[in-house]
Amino acid sequence: MKAIRSLAITAMMLTAAAASAQTTTWNDPMKAGYPTVQNQAWTSEIGHSYVRMPDRAEAQVRKPLWDLSRNSAGLALYFTTNSPTITVRYKISGAQAMPHMPATGVSGVDLYRIDSVGGQDFCFGSYSFGPKVQYSYSALAPSDLSGANREYHLNLPLYNTIDSLEIGVAEGSRFSFLPKRTEKPIVVYGTSIAQGACSSRPGMSWINIVRRNLSDYPVVNLGFSGNGRLEPEVLALIAEIDAEMFVLDCMPNLTQKSADEARDLVLAAVAQLRKSSDAPIILVEHAGYSNAPTNAAQLDCYTRLNRGQRQAYEQLKSRGVKDLHYVSHDELAYPSDAWVDYVHPSDLGAQRQADVLTEKIRSVRNH
């Protein structure tokens, strides 16, 4: 009897699973017939994938940076649907989490719904992690919508590589991917802090916060953990992008450099970008270290680098370089609890960085 009962229960579960699968319609962004990946440069070359640099870059940049460029930091998908349920399932090929950063930030996604005045409401979804990750959202449509479509923005993982992804909605619901926005993007070249370490979830990385602050204006995330070093090979690729403005935030990865070396790297980086673009350039100082007040070496490190970058900025301004702007350590002014460890911002630190950079970007636009 127990065996029969067990078989009956198993059959019921399989039937329920099959019924569930039949009531979900799956949508693949790569099969939309037009570019759907937001905040991605080089769309004609990589718009069919969730990576951040074209294949030809592999021969031009160092392997650690190339590997990080496969991560989907800053990328997003926009779509409309009237479905009361949304399921996101995707396959990843990297580690799910790190010791100082949870799986929800490294490998998770974040869904926001656009309200009637353009604001964004965070949608919480239940999730499970494995070789395939799944996020499930329910009860999404309030009763007063009368079946109207709503717009959703899905932020992709900060530190993992997506091999495939599908978005499922209730069978019979309307669904459409929005095409990639075509405005000239803001391009950020930086370190792990720009890539998104150590935000608790993708929506809380400072670049994604800036993007939301700017009504989802395109922001290209070219932050590479440990590898934002103002290298000419990377800058040559960045210079190909027809950008509204560039943000250079690389000081935290130049810790072995003297003030003079940091100065010279910044001078060369600005000169290289200026050969092909007159777009505004924002130089961002090192935000500092959590333990700098108690560690003389850490204090010397970030002040040394910031001193070198400040010298570069002043020299460039004296030479008449136009549309060059600056964000100082004192402007960033991280509060004492803004770090997860010694250098990577928590959500609090990311919010602070985003607020300051949003204000600076708006100021540059009105300049």
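Be aware that the sequence shown starts at -5, since it is given in this note's numbering, and climbs by one per residue. Heads up, the beta-carbon is just placed ideally off N, CA and C, and yes, glycines get one too.
Membership of threonine 176 in any alpha helix (DSSP H) is not indicated, and neither H nor E is assigned to it by DSSP. The way I'd put it, the region 311 to 331 does touch the region 275 to 288; three or more beta-carbon pairs between them come closer than 8 Å.
DSSP, read as helix, strand or coil, puts threonine 74 in strand. Serine 122: member of the beta strand (DSSP E) spanning 120 to 122, first to last residue. Inclusion of leucine 299 and lysine 251 in the CB contact set at 8 Å is warranted, their separation being smaller than that value. About 7 Å separates the beta carbons of proline 212 and glutamine 32, which is inside the 8 Å limit, making them a contact pair.
Annotation: the continuous beta strand (DSSP E) that includes tryptophan 20 extends over 18 to 21. Each of Ser340, Leu216, Ile355 was checked against the Cα of tryptophan 60, and the nearest Cα belongs to Leu216. Here the alpha carbon of alanine 97 sits roughly 32 Å from the alpha carbon of alanine 291.
The bridge partners DSSP lists for arginine 83 are Gln128, Glu160. Between serine 158 and tyrosine 72, the gap from beta carbon to beta carbon reaches 8 Å or more. Minimum Cα-Cα distance from glutamine 345 among the listed residues Val204, Val260, Arg313 corresponds to Val204. Within the same chain, and ignoring the five residues on either side of leucine 259 in sequence, the residues whose Cβ sits closer than 6 Å to its Cβ are Leu224. Serine 209 and valine 350 have their C-alpha atoms roughly 16 Å apart. In this structure, the beta-carbon distance from valine 103 to leucine 148 falls below 8 Å. Rounded to the nearest angstrom, the gap between the Cα atoms of arginine 46 and arginine 175 is 16 Å.
The beta carbon of alanine 35 sits closer than 6 Å to the beta carbons of Val214, Ile235 from its chain, once the five residues preceding and following it are set aside; these are given in chain order. Residue range 97 to 100 is occupied by the alpha helix (DSSP H) that includes glycine 99.
Within the same chain, and ignoring the five residues on either side of isoleucine 40 in sequence, the residues whose Cβ sits closer than 6 Å to its Cβ are Pro48. By the beta-carbon neighbour count (other beta carbons within 10 angstroms, threshold 16), tryptophan 20 is exposed. Counting along the chain, aspartate 61 sits inside the alpha helix (DSSP H) bounded by residues 57 to 63. Using a C-beta cut-off of 8 Å, the region 254 to 272 makes no contact with the region 280 to 289, since fewer than three inter-stretch Cβ pairs fall below that distance.
Here the alpha carbons of tyrosine 131 and glutamate 165 stand approximately 15 Å from one another. Unbroken alpha helix (DSSP H) stretches of 4 residues or longer found wholly inside the region 232 to 272: 253 to 268, given in chain order. The Cβ neighbour count for phenylalanine 118, taken over all protein chains shown within 10 Å, is under 16; the residue is labelled exposed.
Cα atoms of serine 322 and valine 358: separation of roughly 15 Å, rounded to the nearest angstrom.
In this model, alanine 281 and tyrosine 296 are separated by some 8 Å (Cα to Cα).
One alpha carbon belongs to aspartate 335, the other to glutamine 90, and they sit about 20 Å apart.
Apart from sequence neighbours up to five positions away, the residues of its chain that approach threonine 75 with a beta-carbon distance below 8 Å are Asn143, Arg144, Tyr146, Val163, Ser167, Arg168, Phe169, Ser170, ordered along the chain. Here the C-alpha atom of arginine 301 lies approximately 10 Å from the C-alpha atom of aspartate 294.
The residue from Asn360, Leu172, Ile80, Thr185 with its alpha-carbon nearest to that of valine 337 is Thr185. If you look at histidine 323, you'll find it in the alpha helix (DSSP H) that goes 323 to 326. Around the CB of alanine 53, fewer than 16 other CB atoms lie within 10 Å, so the residue is classed as exposed. An exposed status is given to arginine 356, since fewer than 16 other beta-carbon atoms sit within 10 Å of its beta-carbon.
With fewer than 16 other Cβ atoms inside 10 Å of its own Cβ, asparagine 360 counts as exposed. The three-state reading of DSSP puts glutamate 225 in coil, since its state is none of H, G, I, E or B.
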